Amino acid sequence: MGIQQKRKIFDTAELAGILGLETSVCADITGIVTDSREAESGVLFIALKGERVDGHDYIAQAITRGAAAVIAERMPDELEDEAKERVFVTKSSLEAFGKIAKAYKQRIHPRTIAVTGSVGKTTTKEFIYAVAGARFTAHKTAGNFNSEIGMPLTVLDMPERTQVCVLEMGMSELGEISRMTRIAEPDIAVITNIGNSHIENLGSRENICKAKMEIVEGVPENGWVILNADEPMLFAQKGRLTQNLLFVSLQNPQADYRALNIREYEDSTEFDLLAGKRVVTNVRIPTIGRHNVYDATYAFAVGILLGMSDEEIKSGLLSFHNTGMRQNIYEYGGITVIEDCYNAGPESMKAAVEVLAKMADKTDCRTIAVLGDMRELGEYSKQLHMEVGTLVASRHISHLVTFGREAENIALGAINHALKPDNISINTNTENPNITAKVVYELVHRGDAVLFKASRAVRLERVIEELKRLIDADPVR
């Protein structure tokens, strides 16, 4: 993991000053890496200690490959004196990494928006980036760079002319977002919702809310916090924060921004927006699902805070496109594929099932839900997987195909709510995705819609790849 700017980010003297150290080395830093195999001339290597690998064991390798400097928590004994001069020893490499990112951001000084939430944070980030890009030079978190390592890299990868920086913050435990937001110092913070993701680690939704609310710690008193008024735990923050507060909603009349008259079409969604005392009509987004209306509404609110006009914001929303394997909808071999394999929690899984059901409502197609495990749910896992199965049955999905160690629980929830066992297939062996692909291939007809949704660890895309191979060899009819 790293960035290669090929331009000067800092020099070693500036680096030493940021860290409160001294150095006799004179070199420009043109890239930053945390993997010694990516080290080359001009880069700064951050030696981090992970669960399986300790970067300190590879300092010599990084220097041999040309690293201009190294940040580490100890000095390797085997280094020559000349090489030792390039090593900046600090109490915490990760903390030093954050200081460097913070100093760089303060130098560029963009308007900064930070986004977190159990569900929808990546899509919201993409909507905000699309909106900001309609007027400003914008920069955003790429891929899954939303961790304590990825976020500083995102900041340091920011072009010098950036006017708006949109940062996504993920977490798996208390304290992570607190540390990230103090580096980012966002002008605007958005919390999309509080779900059950990471409940295995955090123990309760209350603790999940506490972890997400850490994001406000980096927001100045004249900054803004945007929350979901339809989430009781977030709406309860009203009157508790020192920063300016805005609420977004699809239901709550007390919200500052409320989406109304939602119209879903085959490949887009349109809605009106009550913004304070005025109504903005015909806001359109190039994706489907009510959950995406929330995300677009957060972005609209951010656009207003950035001083943008309604028309600029509308134009930005229309330029949105999802990234990676997140709700990518396309046609393949005569079937509609909803590929949403990047991650899954109970809320996003249910939202995806609703998208599939709405597709059937509009086009009268048959529907197949291929659903895999949701991870990190702990003692709540069985119940939450069964709830997904219940929704599949209640929304009259034609066929349910389950894949993973919780496959039987999803199926059980569906069977308990009248989905016929003949319309359900179960594969608990994630080492053999081809079985599931063959089941889907034998079920599917031209014109059908097929949803693929699971946590990243399940690697459900393997099923899609095999299904496509089967279709290419013998097209569906």
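Numbering (the working numbering), first residue to last: 88 to 564.
Beta carbons: idealized from backbone N, C-alpha and C, even for Gly.
Quantities reported herein were computed from a predicted structural model and do not represent experimental measurements.
Bounds of the alpha helix (DSSP H) holding Tyr385 are 377-392. For Val366, the closest of Ile502, Ala346, Ala201, Lys540 by C-alpha to C-alpha distance is Ala346.
Annotation for Tyr419: Lys555, Ile558 place their beta carbon closer than 8 Å to its own, counting only its chain and skipping 5 residues before and after. From the listed residues Val389, Arg350, Lys364, the smallest Cα separation to Arg377 is found for Arg350. Taken in chain order, the whole beta strand (DSSP E) runs of length 3 or more contained in the segment 395-478 are 415-419, 422-427, 454-459. A Cβ-Cβ distance of about 7 Å is found for the pair Tyr385 and Ile215, placing them in contact under the 8 Å criterion. Taking 8 Å as the cut-off, the Cβ atoms of Arg543 and Tyr467 do not count as close. Apart from sequence neighbours up to five positions away, the residues of its chain that approach Arg222 with a beta-carbon distance below 7 Å are Met395, Glu399, ordered along the chain.
With distances taken between CA atoms, Ser265 lies nearest to Ile295 out of Thr249, Leu240, Ile295. The segment 430-449 and the segment 534-541 touch, with no fewer than 3 CB-CB distances between them shorter than 8 Å.
Taking the C-beta atoms as reference points, Leu261 is found no nearer than 8 Å to Ile187. Ala316 and Val130 have their C-alpha atoms some 45 Å from each other. For Thr368, the uninterrupted beta strand (DSSP E) segment begins and ends at 365-372. Look at Ala316 here: in three-state DSSP terms it is coil, with no helix or strand label.
In the structure shown, Gly89 adopts extended strand secondary structure according to DSSP, grouped into three states. From the listed residues Lys136, Met258, Arg94, the smallest Cα separation to Ile116 is found for Arg94. Ranked by Cα distance from Ala170, the first of Ala190, Ala149, Phe184 is Ala149. Residues Tyr417, Val537 of the same chain have their beta carbon placed closer than 6 Å to that of Val424, with the five preceding and five following residues left out of the count. Beta-bridge annotation (DSSP): Asn331 is paired with Trp311. Under the three-state reduction of DSSP output, Asp559 falls in the helix class.
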